[in-house]
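See below:
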C-alpha cells in the first residue's frame with residue numbers, strides 16, 4: 606500500500622538540551638537527547654520508531670511538528686524545509702502535519718466541548734462557517750466512533766479511550782498528509798488499545814495518511830507498521846521492513862529488545878541475550894557505539910568509532926561494526 | 019492505567035462559580051452579606067431622610083433617638099446616614115481598584131508570559147512598583163494632584179497591578195507547556211486565538227480570587243488614607259473620614275469612632291469570606307473533597 610514517494614524526511618536531526626548539574630554554580634551539562642537521526646517517511650506508509658524511555662523518540666516527533674526546535678539538522682515536509690520556518694510561515698503547513706498526543710487527559714482543554722476541540726483545526730483551515738463546522742465536526746466524531754450526541758460534552762465526561770478518539774478526530778480533521786502518533790495508546794487500558802489501533806489503521810486506509818508511529822510496545826508496532834526504526838540513546842541503530850526486523854533483528858540492541866518481549870506461551874524456549882546494566886546517561890553518552898557498554902559482542906573498535914547506518918540487506922540498515930557488509 | 023479519573027474541572031467559569039457557591043457556604047454568606055452592604059449603600063437615600071452632610075450644631079453629639087438612630091456627631095450630622103453613604107466610597111474604591119488592577123494586570127501578565135523578550139523587562143518594572151508602599155505612594159500622588167476618590171483609586175490600582183501580573187504570568191507559564199496548548203499550536207491556531215480560547219479561560223479562577231483580596235485591601239487602605247487626611251476629601255462622607263473626625267471626641271463618645279470601624283470590618287470580612295470560599299471552591303485540586 607505504501608508508495609515510494611517521500612512525504613517527510615529528516616536529516617541528521619540533533620537535539621541537545623542544556624541543563625545545570627548541581628546548584629547555581631554547577632557545571633553546565635548537555636543532554637544529548639537526539640544525535641543525528643535521519644529517515645524518510647513515504648506516502649501512506651507507517652514508520653514506527655521504537656526505543657526505551659529516554660531514547661529520544663518522542664523528541665524526534667516533537668521536533669518534526671515544530672514543538673521543539675532542533676539543535677541541528679533539517680525536517681522536510683513534501684520537499685519543503687520546515688524546521689526553520691517561523692510560527693507565521695509554519696501555520697499554513699500545519700494542516701498537512703498533525704500530532705496525536707500520548708496523554709488523552711492533558712491534551713484536551715478541560716473547559717472546551719468536544720465539538721469545539723475537534724472544530725478548532727477545521728475553523729483554522731477548512732471553513733469559516735459555524736454551521737458547516739458543526740456538521741463536519743459531527744461527521745468526524747461519528748467517523749472515530751463517537752456519535753454527534755457527544756458534541757456538547759466536556760473532556761471529563763469521556764473515558765480515556767474516547768478522549769483519545771477525540772484527539773484522533775482533531776488530528777485528522779484537516780486531512781493531513783503526515784500524522785505523528787506519539788505513543789497514542791500507551792496511556793490506555795489494554796482492552797481499549799486494540800480498538801484505537803484498529804481505528805488508526807482504518808483511517809489510514811481511508812485517507813492515505815502517513816503515520817510516524819512512536820511507541821515502545823513492540824507487539825503494537827509489529828501489528829501496525831510497515832517499517833520500523835529502533836532508537837538507542839538518541840541514535841538510530843536499525844531500520845528495516847517490520848517483518849524482516851522482527852524475524853531477523855541484526856543489531857545486538859534490537860536482538861536484546863526483541864528478546865525482552867514477553868511471549869504468550871511461557872513454556873516456549875526463547876532466545877536469551879545477556880544484556881546487562883542500565884542505559885548510560887545521555888549527559889555523557891559513551892564514545893563510539895553507544896551500545897558498547899552493554900553489548901555482549903563489543904570489540905575494541907566499538908569503543909572508539911561511531912558505526913554509521915549501513916545497508917546490510919535491501920531495505921535493511923543497521924549501525925554496527927560487527928555487521929559490515 | 020487510565021482508570022484513575024482526575025477530578026472533573028468545571029466546564030465553564032460560570033458553572034465553577036455557581037458550584038463553588040453551592041458547596042462552600044462561605045461563598046454564599048460572603049456574597050449575601052456583600053450584596054446587602056452594596057444595597058444599603060445604593061439605597062441610602064431611601065433608608066434615611068437625613069442629608070449626611072447637613073450640619074445641626076444645636077443637636078450635636080446627640081445620643082441614639084428615634085430621629086437619629088445612631089445619634090449625631092460633633093457637628094450634629096446623622097451618623098447612620100453618614101455610615102450608609104460611606105458604604106458607597108468604600109465599595110466603589112474596592113470594586114474599581116480590583117477591576118482596574120485585574121484588567122491591566124491580566125493584559126501585562128499574559129504578554130509577559132508569552133513574549134520572552136518582554137518578560138525580563140516587564141517583570142523588573144513590576145518588582146520596582148511592588149517595592150513602593152501603597153500608602154506612601156498614594157500620599158505622594160495626593161500631594162501632586164488634588165485629593166479625590168479618583169486619585170485614591172489610581173494610586174491603589176498602580177500598586178496592585180504587579181501582584182496580578184505575577185499571578186497571571188505564573189499561570190500562563192504553567193499553561194503554555196500543557197499538551198492542550200501544544201495541541202492548539204499543532205491545530206494551527208494563531209497566538210491571539212490560543213490566548214483567547216485556551217489561556218484566558220484558565221486564568222479566570224485564580225484571578226477572581228486575587229481580585230477579592232485586592233478589593234479587601236483597597237477598602238482598608240482607602241479608610242486608612244482618609245483617616246490620615248490624604249484620601250477621600252472631607253466633603254464626601256467616608257468611614258475613614260468619620261473615624262478621623264470623631265477621634266478627638268473618643269472619650270466623650272467612643273461609639274462615634276467605633277461604628278464606622280465596625281462597618282469597615284464587616285465589609286472587609288464579607289469580601290474575604292467570598293475570596294476564601296472561591297479560592298477553595300475554584301481550585302481544581304481541592305474539588306471533590308466536599
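Protein chains in written order, with the numbering used here: chain C, 606 to 930; chain E, 19 to 308. Cβ coordinates follow ideal geometry from the N, Cα and C atoms, glycine included.
Residue-chain proximity (residue i, chain C), Cβ-Cβ < 8 Å
{"i": "residue 195 (chain E)", "result": "no"}
{"i": "residue 207 (chain E)", "result": "yes"}
{"i": "residue 201 (chain E)", "result": "yes"}
{"i": "residue 210 (chain E)", "result": "no"}
{"i": "residue 90 (chain E)", "result": "no"}
{"i": "residue 132 (chain E)", "result": "no"}
{"i": "residue 245 (chain E)", "result": "no"}
{"i": "residue 221 (chain E)", "result": "no"}
{"i": "residue 30 (chain E)", "result": "yes"}
{"i": "residue 170 (chain E)", "result": "no"}
{"i": "residue 186 (chain E)", "result": "no"}
{"i": "residue 204 (chain E)", "result": "yes"}
{"i": "residue 68 (chain E)", "result": "no"}
{"i": "residue 216 (chain E)", "result": "yes"}
{"i": "residue 198 (chain E)", "result": "yes"}
Own chain residues within Cβ distance below 7 Å of residue i, not counting five before or after
{"i": "residue 712 (chain C)", "result": "706, 772"}
{"i": "residue 338 (chain E)", "result": "No answer is possible for residue 338 (chain E): the residues shown for chain E start at 19 and end at 308."}
{"i": "residue 667 (chain C)", "result": "673"}
{"i": "residue 800 (chain C)", "result": "766"}
{"i": "residue 806 (chain C)", "result": "829"}
{"i": "residue 749 (chain C)", "result": "770, 773, 774, 804"}
{"i": "residue 848 (chain C)", "result": "none"}
{"i": "residue 780 (chain C)", "result": "812"}
Rounded Cβ spacing between residue i and residue j (contact assumed at less than 8 Å)
{"i": "residue 144 (chain E)", "j": "residue 183 (chain E)", "result": "5 Å"}
{"i": "residue 615 (chain C)", "j": "residue 643 (chain C)", "result": "6 Å"}
{"i": "residue 652 (chain C)", "j": "residue 830 (chain C)", "result": "6 Å"}
{"i": "residue 236 (chain E)", "j": "residue 116 (chain E)", "result": "7 Å"}
{"i": "residue 785 (chain C)", "j": "residue 817 (chain C)", "result": "5 Å"}
{"i": "residue 59 (chain E)", "j": "residue 102 (chain E)", "result": "7 Å"}
Beta-carbon contacts of residue i that lie in its chain and below 6 Å, excluding the five residues immediately before and after
{"i": "residue 240 (chain E)", "result": "111, 170, 249"}
{"i": "residue 697 (chain C)", "result": "none"}
{"i": "residue 68 (chain E)", "result": "96, 99"}
{"i": "residue 308 (chain E)", "result": "Its pLDDT being 40, under 50, residue 308 (chain E) is placed unreliably in this model, and the value from its coordinates should be taken loosely. Cβ within range, chain order: 41."}
{"i": "residue 724 (chain C)", "result": "738, 742"}
{"i": "residue 221 (chain E)", "result": "186, 189"}
{"i": "residue 177 (chain E)", "result": "152, 155"}
{"i": "residue 62 (chain E)", "result": "102, 103"}
is_contact[residue i, chain E] using C-beta, thresh 8 Å
{"i": "residue 748 (chain C)", "result": "no"}
{"i": "residue 896 (chain C)", "result": "no"}
{"i": "residue 796 (chain C)", "result": "no"}
{"i": "residue 708 (chain C)", "result": "yes"}
{"i": "residue 726 (chain C)", "result": "yes"}
{"i": "residue 801 (chain C)", "result": "no"}
{"i": "residue 670 (chain C)", "result": "yes"}
{"i": "residue 730 (chain C)", "result": "yes"}
{"i": "residue 719 (chain C)", "result": "no"}
{"i": "residue 712 (chain C)", "result": "yes"}
{"i": "residue 704 (chain C)", "result": "yes"}
{"i": "residue 699 (chain C)", "result": "yes"}
{"i": "residue 832 (chain C)", "result": "no"}
{"i": "residue 696 (chain C)", "result": "yes"}
{"i": "residue 775 (chain C)", "result": "yes"}
{"i": "residue 770 (chain C)", "result": "no"}
{"i": "residue 716 (chain C)", "result": "yes"}
Same chain, Cβ closer than 8 Å to residue i, five either side skipped, listed in chain order
{"i": "residue 20 (chain E)", "result": "With a pLDDT of 40 at residue 20 (chain E), under the threshold of 50, the modelled position of that residue is not reliable, and no figure is offered here."}
{"i": "residue 297 (chain E)", "result": "227"}
Exercise for the section: Inspect the CB distances between the stretch 247 to 265 of chain E and the stretch 217 to 232 of chain E and report whether three or more fall short of 8 Å. Expected result: no
Problem - Any alpha helix (DSSP H) of 4 or more consecutive residues that is wholly inside the stretch 769 to 850 of chain C - result: 795 to 812, 823 to 829
Practice task
Tell me, please, whether the stretch 918 to 926 of chain C touches the stretch 839 to 856 of chain C by the rule of three or more beta-carbon pairs shorter than 8 Å.
Solution key: yes
Problem - Three-pair Cβ contact test at 8 Å for the stretch 739 to 754 of chain C versus the stretch 683 to 700 of chain C - result: no
Exercise for the section: Report yes or no: do the stretch 665 to 683 of chain C and the stretch 617 to 626 of chain C share at least 3 C-beta pairs separated by less than 8 Å? Expected result: yes
Problem - Cβ pair count under 8 Å reaching 3, the stretch 290 to 297 of chain E against the stretch 119 to 133 of chain E - result: no
Practice task
Answer yes if the stretch 276 to 289 of chain E comes into contact with the stretch 38 to 51 of chain E, meaning at least three C-beta pairs across the two stretches below 8 Å, and no otherwise.
Solution key: yes
Problem - the stretch 884 to 894 of chain C touching the stretch 817 to 826 of chain C, judged by at least three CB pairs closer than 8 Å - result: no
Exercise for the section: Could you tell me whether the stretch 67 to 84 of chain E touches the stretch 130 to 145 of chain E, where touching means 3 or more Cβ pairs closer than 8 Å? Expected result: no
Handout entry: Segment contact flag, the stretch 847 to 856 of chain C with the stretch 906 to 921 of chain C, C-beta cutoff 8 Å, min 3 pairs
Key = yes
Exercise for the section: Could you say if the stretch 199 to 216 of chain E and the stretch 163 to 181 of chain E meet the contact criterion of at least three C-beta pairs nearer than 8 Å? Expected result: no
Practice task
For the stretch 688 to 745 of chain C, list the alpha helix (DSSP H) runs that are entirely contained and at least 4 residues long, ordered along the chain.
Solution key: 692 to 695, 719 to 730
Practice task
Count the CB pairs spanning the stretch 631 to 650 of chain C and the stretch 713 to 724 of chain C that are closer than 8 Å, and state whether there are at least three.
Solution key: no
Exercise for the section: Can you check the stretch 133 to 214 of chain E for any alpha helix (DSSP H) of at least 4 residues that lies completely inside it and give the ranges in chain order? Expected result: 134 to 148, 152 to 162, 167 to 193, 197 to 204, 209 to 212
Exercise for the section: Any chance you could list the beta strand (DSSP E) runs of at least 3 consecutive residues sitting entirely within the stretch 628 to 652 of chain C, in chain order? Expected result: 633 to 647
Problem - Segments assigned beta strand (DSSP E), at least 3 residues, entirely inside the stretch 216 to 288 of chain E - result: none
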